[in-house]
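Structure first, commentary second.
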Amino acid sequence: MTDRKSFYLMTPALAWLTGLMVIPCLLILALAFFRRGTYGGIEYTFTLENIGLVFDPLYASIFLKSASIAGLSALIAVIVGYAAAYAIAAAPAKRQPILLFFAVLPFWSNYLVRTYAWIVLLNREGLIASIVHSLGYEGELPRMLYTESAVVIGLVYNYLPFVILACYAPLSRLNPEIAEASRDLGGSGWTTFRRVTLPMTAPGIATGFVFVFVLSIGNFVTPALLGGGQFQMIGNLVYAQFLTANDWPFGAALSMFLIAIMMGLLTLQTFATERASGARQEDT
Amino acid sequence: MTQTLLSIRNIKKHFGAVQAIAGIDLDIRENEFFALLGASGSGKTTLLRMLAGFEMPTAGSVMLDGQDISHVLPNHRPVNLMFQSYALFPHMTAAQNIAYGLEMDKLPRPEIKARVAEILDVIQLSPLANRKPDQLSGGQRQRVALARALVKRPRLLLLDEPLGALDKKLRGEMQLELKRIQHEFGITFIVVTHDQEEALVMADRIAILHEGNLLQCGSPHEIYEHPQSRFAAGFIGVMNFLPVRRSGNELIAKDGSKITADLGDDLANESDAVAAVRPERLSLDVQDDDNRLTGRVSALAYHGLDLQVHLDTPLSSEPIMIRLTADAAEGRRLSIGENVTVGWPAKDTRVFSA
Chain L
57 MTDRKSFYLM TPALAWLTGL MVIPCLLILA LAFFRRGTYG GIEYTFTLEN
107 IGLVFDPLYA SIFLKSASIA GLSALIAVIV GYAAAYAIAA APAKRQPILL
157 FFAVLPFWSN YLVRTYAWIV LLNREGLIAS IVHSLGYEGE LPRMLYTESA
207 VVIGLVYNYL PFVILACYAP LSRLNPEIAE ASRDLGGSGW TTFRRVTLPM
257 TAPGIATGFV FVFVLSIGNF VTPALLGGGQ FQMIGNLVYA QFLTANDWPF
307 GAALSMFLIA IMMGLLTLQT FATERASGAR QEDT
Chain F
4 MTQTLLSIRN IKKHFGAVQA IAGIDLDIRE NEFFALLGAS GSGKTTLLRM
54 LAGFEMPTAG SVMLDGQDIS HVLPNHRPVN LMFQSYALFP HMTAAQNIAY
104 GLEMDKLPRP EIKARVAEIL DVIQLSPLAN RKPDQLSGGQ RQRVALARAL
154 VKRPRLLLLD EPLGALDKKL RGEMQLELKR IQHEFGITFI VVTHDQEEAL
204 VMADRIAILH EGNLLQCGSP HEIYEHPQSR FAAGFIGVMN FLPVRRSGNE
254 LIAKDGSKIT ADLGDDLANE SDAVAAVRPE RLSLDVQDDD NRLTGRVSAL
304 AYHGLDLQVH LDTPLSSEPI MIRLTADAAE GRRLSIGENV TVGWPAKDTR
354 VFSA
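As given, the protein sequences belong to chains L and F, one line each in that order.
Residue numbering for the first sequence follows the working numbering, starting at 57 and increasing by one per position.
Residue numbering for the second sequence follows the working numbering, starting at 4 and increasing by one per position.
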């Protein structure tokens, strides 16, 4: 394709993204450097106070909390998702598309509906509780809904299909003779997995992890619904600044940090995948 | 005779209803360079995978050094396989690939280092030790794959189409190189190949497989000069086949002419048969040969070293192939459409039941 042709083809998408995403984002970010008006609104005088406030222990701890919940969710999603992808890639070739379809199926239903479904399950009078009680357990069950664990469960559940797809791609491309070569040279099944299969599919794992982490750390719907009011992640904090506290400049400052973390991770991940696939292309 | 290393006894392999190996017996000797030759679907790769441990036989046994290894896992066999795709680990350097098998044996680090360096020297890749497979050429990767399998000094080295991915010139060099390395290491090699020329050049003995059966096993000379079946005769090299009928001690061709051969007793009188003769056994205008036939030149193919002539004859619907050496072709200018007579001695006729 000529350079000019690809330029024309990219123009609508670029214009859309620039006009409706990049510019508004930059405008919001610019707010981070202004003062909050006494009765809400914005006072256009330059200040670094908002940026400084992000590092206030109160808010920094919410950042750390969000990162640890996102990290835990990503870790669990990667372990569960990789195992599922491994099983799918090992299934007979004819059955793989069906299995993938089922793995991704929840994705086609509404995010809110899926999250509400967990409320129905985890509720004090919910499905899990009634099953346990109908089995004869009389005692009090530990609280399940409105806990950190509920948030992690919700995040893992929602983003698992991403991880399965990201891990399935490199697993299904593996030449089975490479694992056989490891067995032939004296490697056990476990050693073969650890030293050959796992490193060769690491880019998929990294992609899956970064995806879940980035989507989780900024998520505010799942913490609001499954975490209850008493529990805040950074997404909820941003939401509150813009819509309830009416402090747009501080909300903008928080967003800026969130975006910086996401961009940093995505860039790292893109470079890592590029390196891995670049090496593979030279091969052919 | 040298000692038997590997005994394959009545081995069978079924994949569901499909029979890949129908029941094969083979003995392979210590230090032998052995070739399993067959077309695709002949079962040669299945047999090799059973020797490596990736397939378990449905019936029969594999004995290595007198021990039954039929159901031993691949990582517990003193057997290594060089894969057709080479199957190098793409995330490891050449040296790391080669060291992998030694690390699995838990050898001390200094010994691993020394042995990797030594074998890199043998395959002349020491300067490229730290390159990853995708930074190596096809021929270099092939040598790393060989070194990786060889460095463990297995009792038996299996090679699946080892030269298949190389270009023709490199293949010729590597045939001799493989023989040299096999000799130097004193390891038994079993090569799977569909290339009959490769098998003839490299192997001490060849086994021809066809549809899961062992057709014939013998030295390259035996296989080439004394094929035991029509399939073997046609599979190795070029062969002219003439439909004939046995009548007493003679063979009568389609046009009524006689073909003489050393006839055994296994061919019944008045039964249909096929007489066969190699193109290079035919010579031009020879008057005192036992067999003579006349035909019209239909095609000439000049190969530099030799001239291949196609002759249309009433004896067969297929043209008769003649291979004249450069010298013989020099003295006699042939042109298409010309009638020529060729002859061959009775001892060069092979006869197969039809």
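Positions of the beta carbon are idealized from the N, C-alpha and C atoms, including for glycine.
All of these numbers come straight from a predicted model, not from anything done at the bench.
A distance below 7 angstroms between beta-carbons, with the five flanking residues on each side excluded, links L:A88 to the following residues of its chain, in chain order: N106, I107, P305, A308, A309 and M312. Within the stretch 60-141 of chain F, the complete alpha helix (DSSP H) segments of 4 residues or longer fall at 97-107 and 112-125, listed in chain order. Taking 8 angstroms as the cut-off, the beta carbon of F:V247 is found no closer than this to the beta carbon of F:L296.
Proximity of L:M312 to chain F, defined by a Cβ-Cβ separation below 8 angstroms, is not satisfied.
The beta-bridge partner set that DSSP reports for F:D163 consists of F:V195. L:Y202 carries a coil assignment under DSSP once its states are collapsed to helix, strand and coil.
L:Y193 sits in coil when the DSSP states are folded into three classes, being neither helix nor strand. Here DSSP, grouped into helix, strand and coil, assigns L:N166 to coil.
Take F:L310, set aside five residues on each side of it, and the residues of its chain with a beta-carbon closer than 6 angstroms to its own are L327 and A332, in chain order. Within the stretch 218-243 of chain L, those residues whose Cβ lies closer than 8 angstroms to any Cβ of chain F are, in chain order, N231, E233, I234, E236, A237, S238, R239, D240, L241, G242 and G243. At least one CB atom of chain F sits nearer than 8 angstroms to the CB of L:P255.
Annotation: F:H213 to F:V195 spans about 13 angstroms, alpha carbon to alpha carbon.
Your pair F:M85 and F:P165 checks out as a contact, with CB atoms roughly 6 angstroms apart and the cut at 8 angstroms.
In this structure, DSSP gives F:V147 a helical state, which the three-state scheme calls helix. Distance between F:Y305 and F:L337, taken at the CA atoms: about 11 angstroms. The beta carbon of F:A20 does not come within 8 angstroms of any beta carbon belonging to chain L, so the residue lies off that interface.
Among the residues of chain L, those whose CB is under 7 angstroms from the CB of F:L84 are D240, following chain order. A residue is called buried once 16 or more other Cβ atoms fall within 10 Å of its Cβ, and L:N275 is buried on that count. For F:A55, the C-beta contacts it makes with chain L under 7 angstroms involve D240, in order along the chain. Nearest neighbour of F:N342 by Cα position, chosen from F:A302, F:R249 and F:G215, turns out to be F:A302. For F:G221, the secondary structure class from DSSP, reduced to helix, strand or coil, is strand.
Contact between F:A90 and L:A237 is confirmed by a C-beta separation of about 4 angstroms, below the 8 angstroms threshold.
In the DSSP assignment, F:P246 forms a beta bridge with F:V277. For F:K16, DSSP records a beta bridge to F:I24. Identification of chain F residues near L:V136 by a Cβ-Cβ cut-off of 9 angstroms yields none; the smallest Cβ-Cβ distance measures about 25 angstroms. In the DSSP annotation of this structure, the continuous segment of the beta strand (DSSP E) that includes F:V343 starts and ends at N342 to W347. With its beta carbon at least 8 angstroms from every one in chain L, F:K261 lies outside the interface. DSSP places F:H186 in the helix class (H, G or I) of the three-state scheme.
Against chain L, the beta carbon of F:S88 has neighbours under 8 angstroms at N231 and E233, listed in chain order. In the same chain as F:F238, and ignoring 5 residues on each side of it, the C-beta atoms closer than 7 angstroms to its own belong to Q199 and I211, in chain order. Contact annotation for L:V252 against chain F: F92 [CB-CB distance below 7 angstroms, chain order]. Shown here for F:W347: same chain residues with a beta carbon closer than 6 angstroms to its own, the five before and five after excluded, namely V280, R284, L285, D292 and N294 in chain order. For the set L:I290, L:A126, L:N166 and L:M200, the Cα lying nearest the Cα of L:E181 is the one of L:M200.
DSSP places F:A331 within a helical segment (H, G or I) once states are collapsed to three. Classified as exposed, F:P113 has fewer than 16 neighbouring CB atoms from the shown chains inside 10 Å of its CB. Restricting attention to beta strand (DSSP E) runs no shorter than 3 residues, the stretch 123-188 of chain L encloses none.
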